[in-house]
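Asks: One structure, pasted below without further comment.
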Amino acid sequence: MPTAFVLSGGCSLGAVQVGMLRALAARGIRPDFLVGTSAGAFNAAYVSGHGLTAGSLDRLEAVWAGLVRRDVFPLDPTRVLRSLGGATNALCSDRGLRSLVVRHLPFSRLEDAPIPLHVVATDFLSGQEVLLSSGPAVDAVVASGAIPGLLPSVPYEGAHLVDGGLADNAAISQAVALGARQVYVLPTGYSCALPGPPRTPLGAAAHAFSILVQQRLVTELERYADSARLVVLPSPCPIRVPAIDFGHARQLAADGRASAEAALAVHDGRRPDPAAAVAIHRHPPLRRPA
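So this is what it looks like as structure tokens:
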């Protein structure tokens with residue numbers, strides 16, 4: 000039975016997927032191919048190149064734990080002013096993200112990935128979903144994570160590509176079309192329990208985008224629930240970490256593993272309503288002790 004791992008996006012919450020991957024590996028569950036979007040594209044590419052061993056996942060967790068916001072979203076005052084003046088359409092450069100991907104991808108082209116890898120991006124002009132299965136791997140992963148307005152689009156074979164979450168955050172449809180009969184979906188979740196609205200434009204944009212892609216994931220799950228043996232690993236909840244806060248990676252990974260293990264322990268993770276695991280919701284603010 001061809002098995003796909005489908006990894007969605009979520010900025011800093013991508014660390015959650017490290018724990019989910021640990022839970023799957025501990026049960027001996029391995030993918031025949033990987034489909035990744037945004038942060039999930041980076042994780043999928045890393046696993047494709049380095050494997051699903053305890054050691055490789057230790058190193059992937061260390062990558063996430065070593066990140067700070069400016070590594071992915073560097074705010075340069077000069078660039079911000081240029082964006083306000085229309086000289087560029089992104090607040091941040093993608094040099095940091097590109098450098099991160101270059102350092103950790105051991106293959107240069109998608110078709111050379113040791114575990115078959117497919118990366119989801121969005122054509123910025125048409126809004127159409129683009130599945131990348133061949134071509135420059137670094138460009139594909141960077142394009143898949145290029146949140147419009149925050150990071151620049153990536154020229155790729157005549158198109159301008161941006162974050163795949165705009166068109167299809169989890170890409171279950173792509174996994175099914177590629178022949179998967181068993182699909183494990185690894186969502187990052189979203190910051191469902193923030194104490195208040197994000198205070199910065201960068202934080203507000205990232206949070207709004209994460210809600211958008213979560214809603215698309217719910218739609219995708221409802222549409223393709225009967226197309227394959229679908230297992231959705233629920234993300235930890237509540238999540239009080241903003242999507243641009245990279246300071247909680249190890250805790251997010253631990254929480255992701257615990258949540259995935261609890262789900263897999265019941266009917267191997269299968270449930271009659273998989274979309275319920277990722278439905279949009281909110282939590283009341285925490286009450287401070289009197």
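Numbering (numbering that gives the first Met the number 0), first residue to last: 0 to 289.
Backbone N, C-alpha and C define an ideal beta-carbon position, used for all residues, glycine too.
Note that this is a predicted model, so its numbers are computed, not measured.
#1: Quick one: is A275 near chain C, going by C-beta distance under 9 Å?
#2: Note down, in chain order, each residue of its chain lying with its Cβ closer than 7 Å to the Cβ of A227, except the 5 sequence neighbours on either side.
#3: If you reduce the DSSP assignment to three classes, tell me which class T218 lands in.
#4: Excluding the 5 residues preceding and the 5 following A330 in the sequence, name in chain order all residues of the same chain whose CB lies nearer than 6 Å to its CB.
#5: Between the alpha carbons of E110 and P283, how many angstroms are there, rounded?
#6: Which whole-angstrom value describes the C-beta separation of L185 and A274, a residue pair presumed to lie in contact below a C-beta threshold of 8 Å?
#7: Measuring straight from C-alpha to C-alpha, what distance separates L229 and R269?
#8: Please classify R26: is it buried, with 16 or more other beta-carbons within 10 angstroms of its beta-carbon, or exposed?
#9: What's the call for L124, buried or exposed, on a 16-neighbour Cβ count within 10 Å?
#10: Assign C91 to one of three DSSP states: helix, strand, or coil.
#11: Less than 8 Å between C-beta atoms, sequence neighbours within five positions excluded: which residues of the same chain meet that for S107?
#12: Taking three-plus beta-carbon pairs below 8 Å as touching, is the segment 254-264 in contact with the segment 199-218?
#13: Evaluate the contact criterion for the segment 191-201 versus the segment 153-165: three or more CB pairs, one atom per stretch, below 8 Å.
Replies: With the given structure in hand:
#1: Absent from the structure is chain C; it holds one protein chain and no more.
#2: V175, A179, R180, Q181 and V182
#3: helix
#4: There is simply no residue 330 to check, as the chain begins at 0 and stops at 289 in what is shown.
#5: 47 Å
#6: Not a contact, Cβ separation roughly 15 Å.
#7: 7 Å
#8: exposed
#9: exposed
#10: strand
#11: P135, A136 and V137
#12: no
#13: no
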